[in-house]
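A.B. asks: The structure under discussion is supplied below as structure tokens; questions concerning it will follow.
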Amino acid sequence: MTPWWAEIMENSKYDVLAAEPAGLTLAEKYPNSTAQDPKPIPVGFWSTLTEPLHKIDFSDFVILVRDDLPEDVAHLLTWCLVETRFAIEGQYKHLKPERSPLNYPLDPTKMAQTPIPLHEDAKRYYKDAGHI
């Protein structure tokens, strides 16, 4: 969670809603898209949180592209994300891992496990690099 978002939660005293049971069940049926996080957000994470908060885990990210994205661009985009992942992670290292909106370290093998099919040239990059 970014500092500005945490500040909104604390200063505005918002209440958060737990994921509905149907949403948690749905998450179990679609691996690689989202999942029920086995560790709920603990009491006191925000001052308004008085009981553990069960949630769906969206801690990784997916980049969506058009079907007609040129092959070389898809390959380069994937290369950049994987090969510069340390720079991406570095933008979140000032946050405690449990408060970061990005799980780090970024793992290329996990990055290749997406809820939708990879662009063919993204898949080619991951295969050529030995990540899938």
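Position 86 (the sequence shown) corresponds to 86 in full-length UniProt numbering; numbering is contiguous.
Yeah, the Cβ is synthetic: ideal placement off N, Cα and C, and Gly gets one too.
(1) May I ask which residues mark the beginning and end of the alpha helix (DSSP H) holding residue 83?
(2) Leaving aside the five residues before and after residue 106 along the sequence, list all residues of the same chain whose C-beta is less than 7 Å from its C-beta, in chain order.
(3) Find the nearest neighbour of residue 14 within the set 24, 22, 39 and 45, judged by alpha-carbon distance.
(4) DSSP on residue 63, reduced to helix/strand/coil?
(5) Quick check on residue 96: buried or exposed, where buried means 16 or more other Cβ atoms within 10 Å of its Cβ?
(6) Anyone know if the C-beta pair for residue 56 and residue 81 falls short of 8 Å?
C.D. replies: Reading from the atomic positions:
(1) 71 to 83
(2) 85, 88 and 89
(3) 45
(4) coil
(5) exposed
(6) no
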